[in-house]
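Quick note: the sequence shown uses the numbering used here, first residue -8, plus one each step.
Even glycine gets a Cβ: it sits at the ideal position worked out from N, Cα and C.
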Amino acid sequence: MTDRVSPEGIARNGVMPRVHGHVSRGPTLPRSSPLFAGRFGRIFRALPPADFGPNDDCSREALMRLGTKMVADRDPEEPEDGPDAEESGIPAAYTYLGQFIDHDLTFDPASSLQRQNDPEALVNFRTPRFDLDNVYGRGPDDQPYLYKDGRTFLLGKRLSGSALGQALVARDLPRNSAKDVHKNLHARAIIGDPRNDENVIVSQLQGLFLRFHNRLAADNPDWTFLEVQRAVRLHYQWIVVNDFLPRIVSESVLNEVLPHLGNGTNVRKDPPKLTFYTVRNQIFMPLEFSVAAYRFGHSMVRPGYRLNDDIGPLSIFTPMDVGDAATDGPRRTLVGFDQIPSGWAIDWARFIELKARPYGDSNDKRNPGNRQRMQLAYKIDTSLADPLRSLPQSVVSDPPLNLAQRNLLRGWMLRLPSGQDVARAIGVDVLDDKDILIGKFTGKNEDIKGSITEFGDPEFQRNCPLWAYILAETRTRTKTETEPVLRTVKTSNGDKQIPTPLLGAVGGRIVAETFAGILNGDNTSYFNVDPLWTPFSDLTDDGQFRLKDLIAYALEDGLT
Ligand code: HEM
């Protein structure tokens, strides 16, 4: 056996991601590395790593074949407006909130120089927290170029567009002025984490967090920077726990880990119950989370999105996006890392429930609601949208370009156990091979390609890669919750009930325990500093505070 976790091993296997997929040093280190006591670690340390063949080459080839099956057969050449059967009841904005959260947890704001000079700080800086370091960077003293006046953020150039005929006003992120098409130079965003400019949607979401901070600062002129930052962080943590998690994790699993959610109380009265994510010294990033469970979000990505009345639907990217944001010609995809075209302001009601929009009609291409509707995330299932079969160079620099293959290979190289072994360790029913289905969970038989063992790879019998297992589990979730969850989407044509697969006994448990464990172990989170804290009442109209309320407040910041 070769040493699959050494950096050399990964390079030899040809998987060396950048940008959002940028691998921090942690996951590529051998298991014995002292850094596993730091930021990266394992929840199920005692379980054996899963292999998928008699030798490494066989395992790699089996995973490559499975990865090919886990991407949808070619969707329509161009994304289309209107409902489709792969949609869940989760508004599309949550896909990019998910990506944004990933960048918050996995970002390391310490410079390499600092790391060399201060090895102790390495461990501290690398601790994952819900602290928005992807927004704040190292703060106004250390990175003053992110800030306007030491208290508020700089914003970028004006963006425009229209929504149902009404003018939209927004701003791009602040950017450098290095753009030069002939020298292949890009106008890079000057933000706390460059990965939040990977695509036009996460980029504009980052912009909204800057504006949320700026508006809180404007509405509370006597607050210091630190007071504003604290309020932003607590509202964000509230959304993560009370809005994001219940959207993606099965209710019974979530309530076991965070009983205060089901009981309508708070974490002081009903503290989190952490059975598997145990912290010995300090909070850490579990590989079962970052390399398997939390990659569920890849299946929520749609092939494309409409941004406003005039722009879209555009593909999230195409293989031709060779970092080509630096062209003079019209942009054809939503790939980021460069100045956003001026007419590309996002109409956020197309991404989240700001206002009820028409539902549209998939049988009538001319139905005007198709162009006006709120777009929904794709279902969490064992199928990725077609553009993820071939990631552009601006996103990854080496093969394989297929994101499903990358996820499967990464999990194997980092010696993750099988899904079945993790299910047994958790003490829940193990999925039968015949129930590990690969395809779209639309409820239509023709959208399922088969069970994992029907593709001719006996290595997957009772031995499913953890990422694939967690996605397959969303069909049934737990032994007792086998009926599809229906989520209500309010539209101007009435409520629509949409089947919405959710993370279950294994995937939901890993995600919920990791989130709860990080918040619990962070002495600056609201779980610890103010467990009875609730969001400001004037930021919401129904007593709840959700991502839509943060967005609505940020949008009304008087930008002109
Ligand atoms: C257009 C959207 C997205 C693209 C193009 C994308 C692409 C990638 C790539 C290329 C990797 C590295 C794969 C590897 O080599 O191991 C990665 C890693 C990862 N992705 Fe995504 N991703 C997207 C959205 C999301 C979403 C919505 C989530 C979660 C809700 C997510 C969670 C993760 C996690 C946890 C990792 C591993 C940690 C990291 O490197 O940040 N991604 N993604």
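- Contact check for Glu474 against Gly495 fails: the beta carbons are separated by 8 angstroms or more.
- For Ser281, the shortest C-beta to heavy atom distance toward the ligand HEM is below 7 angstroms.
- Counting of Cβ neighbours within 10 angstroms places Ala37 among the exposed residues, the total staying below 16.
- Arg271 has its alpha-carbon roughly 22 angstroms from the corresponding atom of Pro522.
- Under the three-state reduction of DSSP output, Thr471 falls in the coil class, being neither helix nor strand.
- Proximity of the segment 487 to 506 to the segment 261 to 271 meets the contact definition, three or more beta-carbon pairs being nearer than 8 angstroms.
- Here Phe451 has Ile443 and Thr444 as same chain residues with Cβ atoms under 6 angstroms from its own Cβ, once five neighbours each way along the sequence are excluded.
- Spanning the alpha carbons of Gly499 and Arg286 requires a straight line of approximately 12 angstroms.
- In this structure Asp300 is not in contact with Ala63, their Cβ atoms being roughly 28 angstroms apart against a cut-off of 8 angstroms.
- Within its own chain, the residues whose Cβ lies closer than 6 angstroms to the Cβ of Pro74, once the five positions on either side in sequence are excluded, are Gly351 and Ser353, listed in chain order.
- With respect to the 8 angstroms criterion, Glu189 and Phe280 are not classified as neighbours on the basis of their beta carbons.
- About 5 angstroms separates the beta carbons of Ile230 and Leu538, which is inside the 8 angstroms limit, making them a contact pair.
- Taking every protein chain shown into account, the CB of Glu77 has 16 or more other CB atoms within 10 angstroms, so this residue is buried.
- The ligand HEM has no heavy atom closer than 7 angstroms to the beta-carbon of Tyr227.
- The DSSP-derived three-state label of Lys481 is strand.
- The DSSP-derived three-state label of Phe31 is strand.
- When rounded, the separation of the alpha-carbon atoms in Met404 and Gly410 is 15 angstroms.
- Boundaries of the beta strand (DSSP E) around Arg149: Arg149 to Ala154.
- Between Pro492 and Ile371, the CB-CB gap stays under 8 angstroms.
- With contact defined as three or more Cβ pairs closer than 8 angstroms, the segment 325 to 341 and the segment 188 to 202 are in contact.
- Membership of Arg202 in the alpha helix (DSSP H) is indicated by the continuous run Val191 to Asp210.
- For the pair Ala414 and Val476, the CB atoms are not nearer than the 8 angstroms cut-off.
- Here the C-alpha atom of Asp438 lies approximately 20 angstroms from the C-alpha atom of Gln488.
- Between the segment 145 to 152 and the segment 215 to 231 there are fewer than three C-beta pairs closer than 8 angstroms, too few to call the two in contact.
- Contact between Ala161 and Ala336 holds, since their C-beta atoms are separated by about 4 angstroms, short of 8 angstroms.
- Burial state of Asp513 is buried, judged by a 10 Å Cβ sphere holding 16 or more other Cβ atoms.
- Contact between the segment 235 to 242 and the segment 84 to 99 is established, with three or more Cβ pairs separated by less than 8 angstroms.
- Of the residues Leu96, Gly295, Asn454 and Pro39, the one whose Cα lies closest to the Cα of Lys425 is Asn454.
- Going by beta carbons, Met61 and Ile429 fall inside the 8 angstroms limit.
- With contacts defined as CB atoms closer than 8 angstroms, Gly402 and Ala284 fail to qualify as a contacting pair.
- Boundaries of the alpha helix (DSSP H) harbouring Val126: Asp124 to Tyr127, taken from the DSSP string.
- Here Ser306 carries a strand assignment [DSSP, helix/strand/coil].
- In the DSSP assignment, Gln157 forms a beta bridge with Ala154.
- Ile307 has its CB nearer than 7 angstroms to a heavy atom of the ligand HEM.
- DSSP places Tyr460 in the uninterrupted alpha helix (DSSP H) bounded by Leu457 to Ala463.
- Residue burial is scored here from C-beta neighbours: Pro165 has at least 16 other C-beta atoms within 10 angstroms and is therefore classed as buried.
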